[in-house]
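Report on the structure given below.
Protein chains: 4
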Amino acid sequence: MISHKIPVGILGATGMVGQRYVQLLANHPWFTLTHLAASANSAGKPYREAIAGRSHLADNIPTAILELPVHAVEDITNAAKNCRLVFSAIELPNKTALQETENTYAVAGLAVVSNASAHRWTEDIPMLIPEINASHLNLITAQQKQRGWSGCIIVKPNCSLQSYLTPLYALEQAGYTLSDVVVTTLQAISGAGYPGVASLDILDNVVPYIGGEEEKTEQEPLKILGTMAENKILPRTGLTISAHCNRVPVIDGHLACVSIRFKDKKPTPDEIKNSWQLFRSLPQQLNLPSAPVQPIIYRTEDNRPQPRKDRDADKGMAVTVGRLRPCPVFDYKFVGLSHNTIRGAAGGGILNGELLVAQGFVK
Amino acid sequence: MISHKIPVGILGATGMVGQRYVQLLANHPWFTLTHLAASANSAGKPYREAIAGRSHLADNIPTAILELPVHAVEDITNAAKNCRLVFSAIELPNKTALQETENTYAVAGLAVVSNASAHRWTEDIPMLIPEINASHLNLITAQQKQRGWSGCIIVKPNCSLQSYLTPLYALEQAGYTLSDVVVTTLQAISGAGYPGVASLDILDNVVPYIGGEEEKTEQEPLKILGTMAENKILPRTGLTISAHCNRVPVIDGHLACVSIRFKDKKPTPDEIKNSWQLFRSLPQQLNLPSAPVQPIIYRTEDNRPQPRKDRDADKGMAVTVGRLRPCPVFDYKFVGLSHNTIRGAAGGGILNGELLVAQGFVK
Amino acid sequence: MISHKIPVGILGATGMVGQRYVQLLANHPWFTLTHLAASANSAGKPYREAIAGRSHLADNIPTAILELPVHAVEDITNAAKNCRLVFSAIELPNKTALQETENTYAVAGLAVVSNASAHRWTEDIPMLIPEINASHLNLITAQQKQRGWSGCIIVKPNCSLQSYLTPLYALEQAGYTLSDVVVTTLQAISGAGYPGVASLDILDNVVPYIGGEEEKTEQEPLKILGTMAENKILPRTGLTISAHCNRVPVIDGHLACVSIRFKDKKPTPDEIKNSWQLFRSLPQQLNLPSAPVQPIIYRTEDNRPQPRKDRDADKGMAVTVGRLRPCPVFDYKFVGLSHNTIRGAAGGGILNGELLVAQGFVK
Amino acid sequence: MISHKIPVGILGATGMVGQRYVQLLANHPWFTLTHLAASANSAGKPYREAIAGRSHLADNIPTAILELPVHAVEDITNAAKNCRLVFSAIELPNKTALQETENTYAVAGLAVVSNASAHRWTEDIPMLIPEINASHLNLITAQQKQRGWSGCIIVKPNCSLQSYLTPLYALEQAGYTLSDVVVTTLQAISGAGYPGVASLDILDNVVPYIGGEEEKTEQEPLKILGTMAENKILPRTGLTISAHCNRVPVIDGHLACVSIRFKDKKPTPDEIKNSWQLFRSLPQQLNLPSAPVQPIIYRTEDNRPQPRKDRDADKGMAVTVGRLRPCPVFDYKFVGLSHNTIRGAAGGGILNGELLVAQGFVK
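Residue numbers (this note's numbering), protein chains in the order written: chain A, 490 to 852; chain B, 490 to 852; chain C, 490 to 852; chain D, 490 to 852.
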């Protein structure tokens, strides 16, 4: 499908998620990594030096990438020369500054796939999980027209909801409308970046609080499940989500304990399991390189999914579910799990990038 | 109040909970530890030898106790000579066998306070949390009469519900009736005994399943909140609980994420916090030695309670709550925490024993 | 080199190391996995069922292997029909019984590559690290002749010494003879099998004792570094090793802190690093499928190697060293690390099997 | 002995060690905590507020202390008004600045007991472990005279050596002179302060490097074991120490694996154990409040000492040793353990303070 590899870049390349992007893009069939950008104090150094002492991943990074120079995030000129698409894993405390930084890339004609939360609620910017709302990409035309951008911006949602939202969507796709969801997440430390969670806060401990996480977990699904209006997404109504977010001493892999209530028609357990096992969507149909073959894997064992044992399912891109059982208060309970820095961050971002290419938004 | 110390024993003295009983009884103002019993292969050994290589607690056990001989659990004759009250932490796979073993102690005139689950649903045996349903002790008279026992049996409930049931009860006591509870527990490894959870199953991992635990967490509160009929407890109706139980890599301390809905009258956040902070009950009025001064402690920090930092509150006997906030699906959400082998096991058992003494059931 | 794949089996296929063998043999270029054996209570079940609830590895095992029937270890007849080489990861408390079990396979004409310790000190059985003492394979001829075996047995050494012995050997190969070694190991929990180390023993803890491990760490290197006599190995003399073995809360990867003294000629730090970096041996020359390209990798960072970050170097088959510095008491200090269930167990066993094939001992 | 409690302060009161000082001084029989100092951004706040969100210890701190105002470390005037002795747990990157800060307190007439490393090698400042070199306190007279101080400064050594130096000293006191020590430490994360070690660096991992720690571990014992000259300590000669320092995922408790060689006379194992068990020193003779009754506890179990099980021995002030056995390279091997933030930091500092009082240097 792709005759020449598309040159891509990473903004925030030295952080936890940035390093994961590097790892996943190192041998990508469609993309070639040609541009690395980070904050001013990394700029000018070779990547090897910029991550010295803060390298997180076991996998060795190819020498060619280790020797790439790191540019400043503000250096749009070089980015525009070097690549056509950037994956943004920038961390900036100021939301407006982050939006403006990403905007400059779109102005310069680049496609931006962002992990950052700054633009998630911008009206004309789609928040995408490719298996769920690929149709929201249509917003890009309006976005470019309104803003006069030759490039574009799309964002991916928070990592905390990746473990259960696709399974919920699969049920709705199968015709079972949900009304209420109570979800408790047990989230891995890699989700907090590096240095992130202090070891003294999490060893032999659990922290029942992650700033801003519950709000994102409750609200972002409504935009993702929303419907396209002319120039914006109308958030899904009639569905209420309540979230309890916890940090647990796990390296990678967010787990979600979910209780759900259906609006009218209630599926049987077998109908639910079938809806999950058979679920396929556009990324599978397009055979995108990072798409999991089976997006939702149901494990029949009593005690699965588990973070360490299931996070790497289908190279970390599948969601694993299990323990479907009746809920005394609602209709059903289940457990979901996904890899937070692959499916929930860099891998999910790359899948979004692949979708942009396959749909003709990046050439 | 107590002029002579009451001689007490421990059944299952070598296990995780048994060792905690030993630690807590070592310097008890009312009880003196005179009898230790365990399975046949420990019987005949001094306690020091019976726990060699499987000693779990940092605190040193007094030499006098280390030298006590361990008896077989079946040796009722010596138990009856040695003590008047036994704390049972027996683990037996067969429920009937466990019931019969405990019954023989009651037949022999001893009071039995059991941690085991075997008798929890026996009709004429009260399942007690002293702050909640001390009145259920009245069942003992019927129990002794019906069964011809000179002794008696009371049981304490599962450790998983101690972190949230007293806070719920305090709200109901304050006049706010609950209808629905969805609770997700994050439970410590010490709850599984020793050797219990294999390290390969829990390091860098979470296990979203504990056999039988969700059923206990959902059902036992209904008996505890039930009302006394002539010879039995009528379980509470109109309250539904749904539980998700997880094992996490924490040594001690069960945490619960709770969403609650009230039946009619809904308290304000301040009314809830006041109901908790001001809650006192019979153990406090009687000034029982193991009773926490303030049974429910509300922490105002965003990120509390936490197992390692709050489990030892008031010597491990208080329940710590925090993070009270609105629940989009129900009315409120909060987090509760208690020490599972103190409040939830040995400490809770001893408080029950103290209540038996204070109420005249053990003399 | 290999025109038809060689059928191989695993003895003790359901344990920790057995599962790692299955994983590594699933797509092996020379071997095809045709026979699985385990203890009597697994025999007769498909492998899927035999490991249900005790599956340790994240990687999915191919369905064809999951459906293989598990045989009893005692069932030599079927083993001899099914395969020509077996990897033994049997755990039996009785050393003689273990030796006799492995012998029956050699009698039946199979080559046995054993992870077990039973035969490590049997005079005519070589204990092999292919990069160090491949020449000891010559002992097989004597072994077969003396015992009348058509098959043969070779063993691999304990996992605890793999992190530092190849680096020490590389120095001696470069002409620098060692006289004294003091080594402290920090060993992963997977080395103890499953269920192995109880989580209550290792979370927020370290155990400074592993039964029998220090003796193996001190003695086995002397046989490996020994010289071939007619029918046996004469252990290396003039080298003394002292070991302190600790269990630490790490999933995989044994780390060794090593102080070394040379006999006469002392290399410079650069000579040592060069000896390590340039070290290649027979497995590399023969291009064995599991041989690491570079058996010893020197990391220049201050704080490496680390178990989680370096254990998977070259698919878990390389040894990573670092922190070479002067030792005030001896000559030098350094840190070594290897993956204990890959290089130190199943991967090391497979490399031995490949060497047997390449040298013509298995056809 | 003490008719009025002595008012004391803590410099660096909000850090990890500072909080431990607060906890240990809260109910001290000789000292009353009257002054808290920290960096400028804590100054002016009540202690409660200054530690909000970075409170590490489970034990509740008395309300009276939580309400104490925090002063700036530079505010000597108030310190001199408020107290007569300060415990310094200041962390400053610049060694000279730290020395000068502590000096200003001595100039102002206060006694300073410092945990910081800045003054450890200052010639006229003693580095004290009260059980070992209380006689070095005589240096204070010279110090005061030379410098014109009405106050004084003493320091305590690094936490890494507390687990094995007292046991080594006890052997020398018993007449067995040591010549060589190779020690590998497994050190707890609390030793790095807060936030200190990132969880991503230590969960499922070990870090074989702690900046500057090996040098301290090798050199500081020589000053402690040194002999008094007129105005300085002559470091011990004839003893060489080599250290390997590792960070492990343990909350509190440093463990040391030690190999030792004696110069001439070699004790038997029983002589060693007796030397340890019977060792008593000046703090025990003076019955100082924080002195452990038995400074060195020998555990006979194969697998002790262990950090979680032994760190709290005698309120965290005793050193626990075990596993005495022959060393093939040197004479003996053993394992030592101590609580790094109690014996190795705040508790050790307070014991030094008590010694100053008992010896008349603080009145």
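Glycine is no exception: its CB is placed at the ideal position from the N, C-alpha and C atoms.
Same chain, Cβ closer than 6 Å to M490 (chain D), neighbours up to 5 away in sequence not counted: Summary for M490 (chain D): the model assigns pLDDT 47, below 50, so the residue's position carries little reliability; its value from the coordinates is reported in the next sentence. So no residue of the chain qualifies.
Alpha carbon to alpha carbon, how far is L744 (chain C) from L587 (chain A)? 42 Å
Start-end ranges of the beta strand (DSSP E) lying completely within the region 761-844 of chain C, minimum 3 residues: 785-788, 808-815 and 821-827
State the Cα-Cα distance for the pair P738 (chain B) and K752 (chain D), rounded to the nearest angstrom. 47 Å
At a Cβ threshold of 9 Å, is H545 (chain D) touching chain B? yes
State yes or no: is the beta carbon of D791 (chain D) nearer than 9 Å to at least one beta carbon in chain B? yes
Go through its chain and collect everything with a Cβ distance to D799 (chain B)'s Cβ below 6 Å, but skip five positions before and after it. T809 and L826
Can the beta-carbon of E703 (chain D) be found less than 9 Å from the beta-carbon of P778 (chain D)? no
Can you give me the Cβ contacts of F823 (chain B) inside the same chain, cut-off strictly under 6 Å, excluding the 5 residues immediately before and after it? V747, V810, R812 and L813
Just checking, does the region 710-730 of chain B make contact with the region 676-692 of chain A on the three C-beta pairs under 8 Å criterion? no
At the 9 Å Cβ level, is I678 (chain B) part of the contact set with chain C, yes or no? yes
Can you confirm whether Y658 (chain A), when its beta carbon is compared against all beta carbons of chain D, has any partner nearer than 9 Å? no
Going by beta-carbon coordinates alone, are R609 (chain D) and V644 (chain D) separated by less than 9 Å? yes
Am I right that S764 (chain B) and A623 (chain B) are in contact with their C-beta atoms under 8 Å? What's the rounded C-beta distance? Going by Cβ atoms, the distance from S764 (chain B) to A623 (chain B) rounds to 19 Å, so no, they are not a contact pair.
Output yes or no for whether 9 Å exceeds the beta carbon distance between N829 (chain B) and G700 (chain B). no
Anticipated Cβ contact below 8 Å, L650 (chain C) with E709 (chain C), distance rounded: 6 Å
What are the start and end residues of the beta strand (DSSP E) that includes S668 (chain A)? L667 to Q676
Figure out for me which residue from D:M616, D:G598, D:E612 and D:V596 has the closest Cα to the Cα of A605 (chain D). D:M616
Quick check on DSSP: helix, strand or coil for I499 (chain B)? strand
Spell out a yes or no on whether the region 556-570 of chain C and the region 518-536 of chain C are touching, meaning 3 or more CB-CB pairs, one atom from each, closer than 8 Å. yes
Which residues of the region 725-756 of chain A have a Cβ closer than 7 Å to any Cβ of chain B? Give them in chain order. T729, I730, S731, H733, N735, V737, P738, V739, I740, L744, C746 and S748
Helix, strand or coil at I643 (chain D) [DSSP, three-state]: strand
Check whether the region 568-581 of chain A and the region 536-552 of chain A touch, using three or more Cβ-Cβ pairs below 8 Å as the test. no
Mapping DSSP to helix, strand and coil, what is H493 (chain D)? coil
From this set, A:R509, A:L500 and A:T674, which residue's C-alpha is nearest I831 (chain A)'s C-alpha? A:R509
Kindly indicate which residue of A:K762, A:P781 and A:E760 has the alpha-carbon position closest to the one of S770 (chain A). A:P781
Out of D:A631, D:K754, D:Q766 and D:P697, which one is the CA nearest neighbour of N735 (chain D)? D:P697
A607 (chain A) versus N647 (chain A) - alpha carbon distance: 11 Å
Counting only Cβ pairs nearer than 8 Å, list the residues of chain C close to A687 (chain B). Y683, P684, G685, V686, A687 and S688
Proximal chain D residues relative to K822 (chain C), where beta-carbon distance stays under 7 Å: S731 and H733
Kindly indicate the opening and closing residues of the beta strand (DSSP E) around L555 (chain A). Element bounds for L555 (chain A): not the beta strand (DSSP E) but the alpha helix (DSSP H), T552 to L555.
Identify, in the order they occur along the chain, each residue of the same chain with its Cβ nearer than 8 Å to the Cβ of F850 (chain D), setting aside the five sequence neighbours on each side. A600, L626, I629 and C641
Determine the burial state of L723 (chain A): buried for a count of at least 16 other Cβ atoms within 10 Å of its Cβ, exposed for fewer. exposed
In chain D, which residues lie with their C-beta within 8 Å of the C-beta of T673 (chain C)? T673, H733 and C746
Interface flag, M806 (chain C) vs chain B, CB-CB below 9 Å: no
With the cut-off set at 9 Å, would you say A527 (chain B) and I565 (chain B) are in Cβ contact? no
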